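If you read the sequences in order, they're chains A and B.
Residues 404 to 543 in my numbering are what the first sequence lists, from first letter to last.
Residues 492 to 1232 in my numbering are what the second sequence lists, from first letter to last.
Here the structure is laid out as structure tokens; the discussion comes afterwards.
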Amino acid sequence: MKQLRIDVGRCDYGRHCEHECEHACAEKVFKLKDPAMAALHIRELPDGKGVAALCDQCGDCVVVCPADALRRNKPGVILLDKKLCVGCYMCVGFCEKDVFERNPEWLEPYKCISCGICVKVCPRAALEIVDVPEPAPRII
Amino acid sequence: MSQVVFDPAKVMDVDYTKRTEYHAELEAMRVSRRLLKEVAFTPSLPERGYNGRTLHVDVGTLAVTEKPVTPQMKDLFVGGRGFGLWHLWNAVTPRTRWNDPENEIVISPGPVCGITQYAGTGKSLVVTLSPETEIPIDSNVGGYFGPLLKFSGFDALELQGKSEKELILFIDGQKGILRLEEAPVGPVDSHVLAEVLTALYAENDADRVNVSVVSSGAAAGHSLIGMLNFSWFDTRRGCIRLKQAGRGGIGTVFRDKGIKALVCRGPRVRGDLNRPADLETLAKVGIKYHREIRENDPHQCMMRRNGTAHIVEIMDAYDLLPTHNFQYGSHPDTHRIASTYWQQRCTQVTADGCWYGCSMACAKGADGLVLKTGPYKGHTVTVDGPEYENAAGLGSNCGVFDPDWLLELNFYCDTYGICTITWGTLCAFVMECYQRGILNEERTGGLKMTWGNAEADLEMMHQLARGEGFGRIAGQGVHRMKKIFAERGWGDPRLLDDIGMENKGLEYSQYMSKESLAQQGGYALTNKGPQHDEAWLIFMDMVNKQIPTFEDKAEALYYFPLFRTWFGLAGFCKLPWNDVVPADNARQPEAHKVPEHVQNYVDLFTATTGWKITKEELLVQSARVYNFQRVFNIRMGKGLREHDRAPYRSMGPVTREEYESRAERYDRQIVEEMGLDPSGMSLEEKMAAHRRWREERYRKLTDAVYLRRGWTPNGVPTLERLKELGLDALPEVVDVVRQHL
């Protein structure tokens, strides 16, 4: 399955970049102006380290969705079928990485679709899309 | 007790998509239906939780009318159970009996029902005059019917009259068409009927999630203990699932009215169909709660793995698990029906939950059960549960500790349309009567009703479904069985009264209240009879020890029946309130009330309706309906102190064996509580001393609770209390009370 990965040795959590990954994700993928609404989050911490929150397509959201609105596509990426979504936000609440996103203006939530736009714009080449085996559905 | 650890590797490998299919029954139903009447209506979506109209259908005359929801109805009764009671009050007279045409079945979802962002928000309340208690019964139920009814345009559905034909009422909220159809042939039992009707009334496979069926079953028509099943379509399993409005015989009224099924086809569900005042707050509160479930449920109740059956072993460990008709509180074989088994037996890697957004998801499904008895012998079925009540009632209380037999009992209760809790308690009564020689093989027509004999238990149920034999007597319930046995000279009537676990005509649910004064009151000082909907206090009294003093218990019997009533007004399930709690809950003042969750409910109600309330006003909303229901009971000839009397089995040891099973505890109480010396007392003297002490304690509790509730010593709400609640705006309510002051 296609999975977004970060090389924490390369990413410096925005110290010497403009969070191009978040800007591109928010603006180009979801047509949102606020980079905080991107489907990935890169944050600098006061101790000089940082934290990255990325969707790894783990599939927990697929298991909890009561409307069967989340499915993997052929490359293994989890996509939301908006026609089936009932707006319960269980996918948001059960995402352990806190990267199932919600825009107060929209009824349906949204998530990373492993499109790779963030990869293309990262000035430090810290992000990549890799092909990894699909995990078995987890009981949660 | 140590926390049960869930091991995914031990979950049984069952194909949850495979079960017996009913193609012939579908075809029979398809060709035999006949249209009797079709009426057009204008579908609507609620505005801030209300549509402002109810639907009234007379199934006898086929008259269909719409009625407005008045501002006074909303102010005084809120919705759900409140609307149900108000419609019923207006439909009946003090002389109306359950099987009179004017009796109604009212289904009302409540204003918050149908939001999808929080757990347990799909509940509708069903109200009728009960065949068992002859006073109003209300039962809350999941499944999709209530929300889909509301999203079709109605805040309540009133069913009145009696049909001579087998009737199906179809409400098509997508097209604005209501159809009354005759369905003379085809299945009655719910697992077949709901499956068939879902397929028939959905326009295509994808539409099946928009269809919900209300049905009962064959045993409901021959008994007083019938219940209703509310369905939803489980897309992953590819079958219908069922939730039950169980208590008090509503299914019996349904079948007596000639109704085979109600079918509602609503619009495709979205997150904003309730058109709430503040969707953003619903989203924020809901996501916070989903996270709480994710983080806390795995090391608290494990509701997502076990459902409510997680407390089987806890009840056993605290000597509170009803065993052999509430004689004892534990059993060496309990481990066979404990949560460690059910979490392996139930399908786990799928979404459960009887309405969208329920992250608690306690509606566990056990798939791949091959039936061993009855008309569906050899069929492979999916069973809901078992919930705790079913494991305890059909299980330990009857001495059944084989989980497959327990599942089969659970299945047949559901599909035959009878209440599992009621069946468990009445079968336990029959088995104790058999143990004590009050019944024997001759009197039961050959049924060997020994403890744990699940095959005899099932045969008694099959007899009831066929309308035959001793099963038909059992289906009358404990209250009437006591009378029948006494009239036939079977057993000592005083003993039958002591061991027959009913109050107001309703069977007790499955908690041992002998050592919990709070739960004794929680059962018998109730409006509708002994159930755990109004005052489930046993856990906080006996396990968490949060209400230790007499005053605490009396206060709990004021607060919790009101607080818990509110769930049924607004359209909530109670379980998400305290079956998971915030990590810091124990450090909060009044932790037993789960204050953060109370605030959640206040916020959800306000965000849906735009009606700003506080936690204190929440209680006032409940108090209006609770006191109205008490007055309704009085109007129908019950609802006074004499009707709140509890059977002694619920209070103390009736028999020598019961006393001896807890002799050390009981002897100690003689010293510490009664100031007597047990050493010189005979067993009979000790039992008599306990009875005096326990009955006196219950009397004092009754006095204290009535006073706190604003009732006279005879249990009648005072005029001052009615005025305080604004119920004096209803002169007919005041008139009932005046006659008893």
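A virtual CB, placed ideally from N, CA and C, is assigned to each residue, including glycine.
A quick note: this is a predicted structure, and the numbers were derived from the prediction, not measured.
Check whether the Cβ atoms of residue i and residue j sit closer than 8 Å, and answer yes or no.
{"i": "C458 of chain A", "j": "I520 of chain A", "result": "no"}
{"i": "R761 of chain B", "j": "L448 of chain A", "result": "no"}
{"i": "G737 of chain B", "j": "S643 of chain B", "result": "no"}
{"i": "V466 of chain A", "j": "R541 of chain A", "result": "yes"}
{"i": "K751 of chain B", "j": "A674 of chain B", "result": "yes"}
{"i": "L900 of chain B", "j": "L885 of chain B", "result": "yes"}
{"i": "G1143 of chain B", "j": "R1182 of chain B", "result": "yes"}
Run through chain B and tell me which residues come within less than 8 Å of residue i, C-beta to C-beta.
{"i": "V466 of chain A", "result": "V840, T841 and A842"}
{"i": "P540 of chain A", "result": "V840"}
Return the residue from the list the options that minimises the CA-CA distance to residue i.
{"i": "Y692 of chain B", "options": "B:G633, B:R521, B:E625 and B:D858", "result": "B:R521"}
{"i": "H444 of chain A", "options": "A:Y513, A:Y416 and A:C464", "result": "A:Y416"}
{"i": "D1135 of chain B", "options": "B:V569, B:P1021, B:L764 and B:L650", "result": "B:P1021"}
{"i": "A1074 of chain B", "options": "B:E657, B:I784, B:D725 and B:E1151", "result": "B:I784"}
{"i": "W914 of chain B", "options": "B:L1131, B:V495 and B:M718", "result": "B:M718"}
{"i": "G869 of chain B", "options": "B:F497, B:Y507, B:T511 and B:V1228", "result": "B:T511"}
{"i": "A685 of chain B", "options": "B:V705, B:S1000 and B:C853", "result": "B:V705"}
{"i": "D747 of chain B", "options": "B:S1000, B:F976 and B:Q651", "result": "B:Q651"}
{"i": "L669 of chain B", "options": "B:E557, B:S821, B:Q1112 and B:V1089", "result": "B:E557"}
{"i": "M503 of chain B", "options": "B:T726, B:T831 and B:V583", "result": "B:T831"}
{"i": "D1032 of chain B", "options": "B:K1005, B:I596 and B:L715", "result": "B:K1005"}
{"i": "Q839 of chain B", "options": "B:E804, B:G798, B:V872 and B:P813", "result": "B:G798"}
{"i": "C488 of chain A", "options": "B:R539, B:L536, B:Y847 and B:A709", "result": "B:Y847"}
{"i": "L640 of chain B", "options": "B:A774, B:R756 and B:V496", "result": "B:R756"}
{"i": "D1194 of chain B", "options": "B:V1227, B:F1041, B:A690 and B:T1097", "result": "B:F1041"}
{"i": "V618 of chain B", "options": "B:L986, B:G605, B:N590 and B:L579", "result": "B:L579"}
{"i": "D663 of chain B", "options": "B:L1109, B:S535 and B:A697", "result": "B:S535"}
{"i": "S1152 of chain B", "options": "B:G820, B:A1137, B:E998 and B:L1053", "result": "B:G820"}
{"i": "K1214 of chain B", "options": "B:R1229, B:P1204 and B:N1205", "result": "B:R1229"}
Between which two residues does the alpha helix (DSSP H) carrying residue i extend?
{"i": "C924 of chain B", "result": "T911 to Q926"}
{"i": "H682 of chain B", "result": "S681 to Y692"}
{"i": "R985 of chain B", "result": "P984 to I990"}
{"i": "F976 of chain B", "result": "V969 to E978"}
{"i": "I596 of chain B", "result": "From DSSP, I596 of chain B is part of no alpha helix (DSSP H) but of the beta strand (DSSP E) over I596 to S599."}
{"i": "K1103 of chain B", "result": "Looking at the DSSP string, K1103 of chain B is not in any alpha helix (DSSP H), and its letter there is neither H nor E."}
{"i": "R827 of chain B", "result": "Taken as a continuous stretch (DSSP letters only), R827 of chain B belongs to no alpha helix (DSSP H), as it is neither H nor E."}
{"i": "N888 of chain B", "result": "Counting along the chain, N888 of chain B falls outside any alpha helix (DSSP H), and DSSP gives it neither H nor E."}
{"i": "F902 of chain B", "result": "P894 to Y907"}
{"i": "L1213 of chain B", "result": "L1210 to E1215"}
List, in chain order, every chain B residue whose beta-carbon is nearer than 7 Å to that of residue i.
{"i": "Y492 of chain A", "result": "Q608, A774, G777, I778 and H781"}
Going along chain A in order, which residues have a C-beta closer than 8 Å to the C-beta of residue i?
{"i": "R727 of chain B", "result": "D471"}
So residue i contacts chain A; which residues on that side make the cut at Cβ distance below 7 Å?
{"i": "Y879 of chain B", "result": "Neighbours of Y879 of chain B on chain A: none; closest Cβ ~21 Å, over 7 Å."}
Which chain B residues sit within Cβ distance under 9 Å of residue i?
{"i": "G496 of chain A", "result": "G777, I778, K779, Y780, H781, R782, E783, I784, R785 and S850"}
Quick one: which chain A residues come within Cβ less than 9 Å of residue i?
{"i": "Y847 of chain B", "result": "P469, A470, V489, G490, C491 and M493"}
Which two residues bound the contiguous beta strand (DSSP E) that contains residue i?
{"i": "I520 of chain A", "result": "Not the beta strand (DSSP E): I520 of chain A falls in the alpha helix (DSSP H), residues I520 to V524."}
{"i": "S706 of chain B", "result": "V702 to S706"}
{"i": "S621 of chain B", "result": "It is not in any beta strand (DSSP E) - S621 of chain B carries neither H nor E in the DSSP assignment."}
{"i": "S714 of chain B", "result": "No beta strand (DSSP E) holds S714 of chain B; DSSP gives it neither H nor E."}
{"i": "W589 of chain B", "result": "Taken as a continuous stretch (DSSP letters only), W589 of chain B belongs to no beta strand (DSSP E), as it is neither H nor E."}
{"i": "I542 of chain A", "result": "Taken as a continuous stretch (DSSP letters only), I542 of chain A belongs to no beta strand (DSSP E), as it is neither H nor E."}
{"i": "K500 of chain A", "result": "Element bounds for K500 of chain A: n/a, residue is neither H nor E."}
{"i": "I750 of chain B", "result": "I750 to R756"}
{"i": "R1078 of chain B", "result": "Counting along the chain, R1078 of chain B falls outside any beta strand (DSSP E), and DSSP gives it neither H nor E."}
{"i": "A1180 of chain B", "result": "A1180 of chain B -> not in any beta strand (DSSP E); alpha helix (DSSP H) instead, spanning L1174 to R1200."}
{"i": "G453 of chain A", "result": "G453 to A456"}
If we define contact as Cβ-Cβ less than 8 Å, is residue i a contact residue for chain C?
{"i": "L691 of chain B", "result": "Checking the listed chains, one finds no chain C in this structure; the protein chains it contains are A and B."}
Closer than 7 Å between beta carbons: that is the criterion. Which residues of the segment 759-775 of chain B meet it against chain A? V760, R761, G762, D763, E771 and A774
Closer than 7 Å, Cβ to any Cβ of chain B: which residues of the segment 506-531 of chain A, in chain order? P507 and L510
Which residues, in order along the segment 493-525 of chain B, keep a beta-carbon less than 9 Å from a beta-carbon of chain A? F497, P499 and V502
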